[in-house]
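Inspection log for the structure reproduced underneath, given as structure tokens.
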Amino acid sequence: MKTSTLARVALACILAAGTVHAGPRTITAPDAPRALPAEGRVQVQWTDPAQFTELRQSRNRWDAERGDWVTQLAGYLRKQADKQLPAGQQLDVTFTDIKRAGDYEPWRGPRLDDVRIMRDIYPPRITLQFTLTDANGQVIAQGERKLVDTAYLLNSSMPSDTDPLRYEKRMLNDWLRREFRQDTAAGR
């Protein structure tokens, strides 16, 4: 009798410890972050992911909202933008909509209903707003951009690249290069 009581107490402690340390299980959880912690020259935040096209039009909403892919994209954007911005400039970006590359096709059967199928009819799309300021806080550039890569399957990438966000990251890289490239011809 003492053994079974001890086992129940141990199991209860293990379960309680697991829930204390568990973070948000989905990107739409009430306690899920809506911005990266403020640090450095690049700030990235996002609107409610429940309103993103990725979730609103998903054929498998449960799989689409799992994980922390919005935070991963925001962190990637921060890191890449920080490398490209000239000294003294600051960038503030807000993701307002995201549709990841590929989609779920549950009609393929129960074994494939949680597999993201990559086809050219499911390109990645990101809508964002940004403000670029100089060291004095003066606005250099601002606006809204609707990014889409309709040729995402044709662009060459390493076959060994298994990052599930590789298409979205490449699209963000392309935007950063186009939007914030340094005019090297001006220095000549």
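Numbered per mature numbering (1 follows the signal peptide of the UniProt record, and there is no 0), the sequence shown spans residues -22 to -1, 1 to 166. Backbone N, C-alpha and C fix where the C-beta goes; we use that ideal spot for every residue, glycine too.
As far as DSSP is concerned, Leu150 takes part in no beta bridge. For secondary structure counted as the alpha helix (DSSP H) over 4 or more consecutive residues, the stretch 92 to 120 holds no complete run. Looking at Gln68, Lys61, Pro102, the one whose alpha-carbon comes closest to that of Gly80 is Pro102. Residue pairing from DSSP places Gln23 in a beta bridge opposite Ala13, Thr72. As the crow flies, the alpha-carbon of Thr140 is around 15 Å from that of Tyr130.
Note that the stretch 53 to 63 does not touch the stretch 92 to 102; fewer than 3 beta-carbon pairs, one per stretch, sit closer than 8 Å.
DSSP places Trp40 inside the alpha helix (DSSP H), whose first and last residues are 39 to 42. Taking every protein chain shown into account, the CB of Ala28 has fewer than 16 other CB atoms within 10 angstroms, so this residue is exposed.
Between the alpha carbons of Arg86 and Leu125 lies a gap of roughly 29 Å. A buried status is given to Trp24, since no fewer than 16 other beta-carbon atoms sit within 10 Å of its beta-carbon. For the 8 Å CB-CB criterion, Ala59 and Leu154 form a contact.
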